[in-house]
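> The structure that follows is given in the form of C-alpha cells.
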Ligand code: VG1
Ligand code: CO
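In my numbering, the protein residues as written are 983 to 1523.
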C-alpha cells in the first residue's frame, strides 16, 4: 500500500446527483482518486465498513471500479459488494445497500447523459439508507476536495468481476453478486405478478426500450422471463459503453425509436423506456404519451391496486418544478403532499420518516418507499399492475384521470450549453426583479406572486435555499426557472411551464398550444430567447 500526493484537481462540487464531468476529466490521473478519497474522508473514513459498488456500464465503468476497490482496501474497508461485470442499476444498488445493511455505496453513472470517452462520466455516493448523499454530506465531501493532500491506494492487480463469488483484495473481502436477482425478488413482493402474467397471456403487447443502458438485463428478466411478455419485448437490451451513441434519456425526443413504434401501424398496447442507470422511466400508450407529472398522479390515484399499497398511501412528495397534478389527487384522497427541491436526495428523509410512500419528479423519475432512489422498472410494473387490475388502456386511464381531477398541462423547455456567465446574469437579474413582478400583466396573464424556492425539511429541520425561481400567474398558470446541476458543458437553463385546465371540452389539446399564453408571458418576463441568442429552446419535453 502506498500514499500518493494528489494532483491539483481539487475543489469539485457534486451537483443534483453526484459528481458529473466529461469522461476525459475523470480519466486525468489522480482525479478519480482525489474525489474518492474526499468521499471517504467526508463520511468519516472507511475503516471496518462495507460498501456496495456498481455502475451503468458506460465507458470507464470497470476501470473506475477497480481503482475504487483498491482505494477502499487501502482505506481499511472490510468488504465490498460488487455487481457482476461492474453492473448495477441505481435502484438495484440502492436496494443492495439496504438489504445488506451496508455503510453506503458507490454508483458509477452520469445517468441520462451520453457515454463514451468523449461523453460523460459520473460518481455518486449513496448513504446507508440507500439514498443519495444528503446536502450535509455533499458539503462535507466538497470541503475535503478543497484541502485534500493525499490518497491511499493498494498496490494490487485487477479483480475478476466476471465471476460470481467471494474473493479478496489485501485484507478486504469482495463479493461479486448477480446484479439482477435481489432486485427482481423485491419487485415480486410489491406487485401482483400473477395478474400481470394473465394480462400478457391474454395477448397484451408491450415494447420496452432499454436504450442500450443498464436496465436491459433487468427488464428481460422481469418482463420476458417472469411475466411472459413476448420475446423481443425488450429492445436495445444489451448495455453498451456508449449506449449505441444515443442519449439514454427516456423522453419523446431521445426515445424517438420507441415513440415511432407507439405511434406507428401495429403499435403495441404499452411502451416504456428507461435511462442510463435505470432510475428514470417513460410511459407511453398506443398513441398516448404520459408526462412524468401525470404518471405520478395516476400512480397515486391507483396505487391501492398494487399489493405494496394495499394499506393505502399516507403521503406523496414531488419536486417543486413537477406539476401540481399529484397535489389534486392527494387533496381528493386525503394524502399528505410535500414539495421538495429538485433531486432525489430530498425525498429520503420523508421516506425514512414514513411521511410519504410515493415520490416523483417531472424529469421522468418515479419511485416509492421500497428503496431510496427513483426506480424506472418499478414505475413500469406499477403501470402494468394498474392496467391489469382496471382493464383500461393507457389512453382510457388518462382520459378518466383528467375528467376526475382536471389536467395540468405541462412542458419543460431546456436551453442547453448556454455560456455560464450569461445564464448566471439572467437568473440574478430576474431574481432582483421578482419583488416588482406581482400585479404586472404579461401576454394576457397577471403575475400573482414570484419568489425563490427555499425548502425546510420537516424531519431534520435543515434549510436549503436558492432552489429555483417560481412565478405564479392567474388562470392557474405557473412558470419555474432553474439552472441544471447535472450538465457538463456551460449552463443549462430549465424552464418549466404549467397550467391547470378543468373545462371538460378542453382536456385534449396539444400541450404547447394549451400553454401558449404561459410560454409567451414567461418569455416576455425573462427575455430568455433573445438573451441566450436562441430562436427557442433546444429541447421541449
Ligand atoms: C436532473 C433532473 C432532476 C433529477 C436529476 C438526476 O437534474 O432535472 O429532476 O433528479 O437530473 O436524475 P438537473 O439539475 O439537471 O435539472 V438522474 O436520472 O441523473 O439520477
Ligand atoms: Co438516472
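A virtual CB, placed ideally from N, CA and C, is assigned to each residue, including glycine.
For residue 1510 and residue 1475, which I take to be in contact (beta-carbon distance under 8 angstroms), what is that distance rounded to the nearest angstrom?
Translated into the one-based positions of the chain shown, residue 1510 becomes position 528. Translated into the one-based positions of the chain shown, residue 1475 becomes position 493. With 8 angstroms as the limit, residue 1510 and residue 1475 qualify as a contact, their Cβ atoms being about 7 angstroms apart.
> Out of curiosity, what's the CA-to-CA distance linking residue 1471 and residue 1518?
Counting from 1 along the chain shown, the entry for residue 1471 is found at position 489. Counting from 1 along the chain shown, the entry for residue 1518 is found at position 536. In a straight line, the C-alpha of residue 1471 is about 19 angstroms away from that of residue 1518.
> Return the Cβ separation of residue 1075 and residue 1108 in integer angstroms, given the expectation that the two are a contact with Cβ distance under 8 angstroms.
As a first step, residue 1075 is located in the chain shown; it is residue number 93 there, counting from the start. As a first step, residue 1108 is located in the chain shown; it is residue number 126 there, counting from the start. About 7 angstroms; that satisfies the 8 angstroms criterion.
> Hey, how far is the Cα of residue 1361 from the Cα of residue 1131?
In the chain shown, counting from the first residue as 1, residue 1361 sits at position 379. In the chain shown, counting from the first residue as 1, residue 1131 sits at position 149. The alpha-carbon atoms of residue 1361 and residue 1131 are separated by roughly 44 angstroms.
> On the three-state DSSP scale, how would you describe residue 1395?
For this step, residue 1395 is matched to residue 413 along the chain shown. It is a strand residue.
> Got a sec, what are the start and stop residues for the alpha helix (DSSP H) residue 1380 sits in?
Indexing the chain shown from 1 puts residue 1380 at position 398. Counting along the chain, the alpha helix (DSSP H) containing residue 1380 begins and ends at 1376-1387.
> Keeping to the same chain, check which residues put their C-beta closer than 7 angstroms to that of residue 1231; ignore five residues upstream and five downstream.
Translated into the one-based positions of the chain shown, residue 1231 becomes position 249. Closer than 7 angstroms at Cβ, skipping near neighbours: 1094, 1257.
> Out of 1521, 1469, 1480, point me to the one whose CA is closest to residue 1092's CA.
As a working note, residue 1092 is residue 110 in the chain shown. Of 1521, 1469, 1480, the residue nearest in Cα terms is 1469.
> Answer yes if the region 1371-1386 comes into contact with the region 1105-1119, meaning at least three C-beta pairs across the two stretches below 8 angstroms, and no otherwise.
Because the criterion of three Cβ pairs below 8 angstroms is not met, the region 1105-1119 and the region 1371-1386 do not touch.
> According to DSSP, what are the bridge partners of residue 928?
Any question about residue 928 goes unanswered here, given that the chain covers just 983 to 1523.
> So who's on the other strand from residue 1530, going by DSSP bridges?
Past the boundaries of the shown model lies residue 1530; the chain is included only from 983 to 1523, so the question cannot be answered.
> For residue 1025, does the three-state DSSP call read helix, strand or coil?
For this step, residue 1025 is matched to residue 43 along the chain shown. Correct three-state label for residue 1025: coil.
> If we ignore side chains and look at the alpha-carbon of each, how far apart do residue 1056 and residue 1073 end up?
The sequence position of residue 1056 within the chain shown is 74, counting from 1. The sequence position of residue 1073 within the chain shown is 91, counting from 1. Whole-angstrom Cα-Cα distance: 28 angstroms.
> Any heavy atom of the ligand VG1 inside 7 angstroms of the beta-carbon of residue 1300?
The residue given as residue 1300 occupies position 318 in the chain shown. Incorrect: residue 1300 has no Cβ contact closer than 7 angstroms to the ligand VG1.
> Taking Cβ positions, are residue 1041 and residue 1000 nearer each other than 8 angstroms?
Numbered from 1 along the chain shown, position 59 holds the residue referred to as residue 1041. Numbered from 1 along the chain shown, position 18 holds the residue referred to as residue 1000. No, Cβ-Cβ distance for residue 1041 and residue 1000 is not below 8 angstroms.
> Does DSSP put residue 1504 in a helix, in a strand, or in coil?
Start at 1 with the first residue of the chain shown, and residue 1504 comes out as number 522. Residue 1504 falls in the helix class under three-state DSSP.
> Take residue 1420 and list the residues in its own chain whose beta-carbon comes closer than 8 angstroms to its own, dropping the five residues that flank it on each side.
Translated into positions along the chain shown, residue 1420 becomes position 438. So the list reads 1429, 1430, 1431, 1432, once near-sequence residues are dropped.
> On the premise that residue 1037 lies in contact with residue 1014, defined as a C-beta separation below 8 angstroms, what is that separation, rounded to the nearest angstrom?
As a first step, residue 1014 is located in the chain shown; it is residue number 32 there, counting from the start. As a first step, residue 1037 is located in the chain shown; it is residue number 55 there, counting from the start. Their Cβ separation, rounded to whole angstroms, is 12 angstroms, which puts residue 1014 and residue 1037 out of contact at 8 angstroms.
> Under 8 angstroms, do residue 1294 and residue 1358 count as touching if we go by C-beta distance?
Stepping through the chain shown from its first residue, residue 1294 is reached at position 312. Stepping through the chain shown from its first residue, residue 1358 is reached at position 376. Going by C-beta atoms, residue 1294 is not nearer than 8 angstroms to residue 1358.
> Hey, could you find the ends of the alpha helix (DSSP H) residue 1002 is sitting in?
Here residue 1002 corresponds to residue number 20 of the chain shown, with the count starting at 1. Per DSSP, residue 1002 belongs to no alpha helix (DSSP H); it is in the beta strand (DSSP E), 1001-1004.
> Compare the Cα-Cα distances from residue 1303 to each of 1285, 1288, 1195, 1322 and report the closest residue.
As a first step, residue 1303 must be located in the chain shown, where it is residue number 321. For residue 1303, the nearest C-alpha among the options comes from 1322.
> Compare the C-alpha of residue 1159 against each of 1234, 1247, 1197, 1063 and name the closest.
Counted from its first residue, the chain shown places residue 1159 at position 177. Of the listed residues, the one whose Cα sits closest to residue 1159 is 1063.
> Considering only DSSP beta bridges, list what residue 1105 is partnered with.
Locating residue 1105 in the chain shown gives position 123, where the first residue counts as 1. DSSP output for residue 1105 lists 1001, 1090 as bridge partner(s).
> Whole angstroms are fine: how far does the CA of residue 1133 sit from the CA of residue 989?
Stepping through the chain shown from its first residue, residue 989 is reached at position 7. Stepping through the chain shown from its first residue, residue 1133 is reached at position 151. Bear in mind that the predicted position of residue 989 carries a pLDDT of just 49, short of 50, making it unreliable; the figure below should be weighed with that in mind. Cα-Cα distance, rounded: 10 angstroms.
> What is the DSSP secondary structure of residue 989, reduced to helix, strand or coil?
Within the chain shown, the letter at position 7 stands for residue 989. In this predicted model, residue 989 has a pLDDT of only 49, less than 50, meaning its place in the structure is not dependable enough to derive any value.
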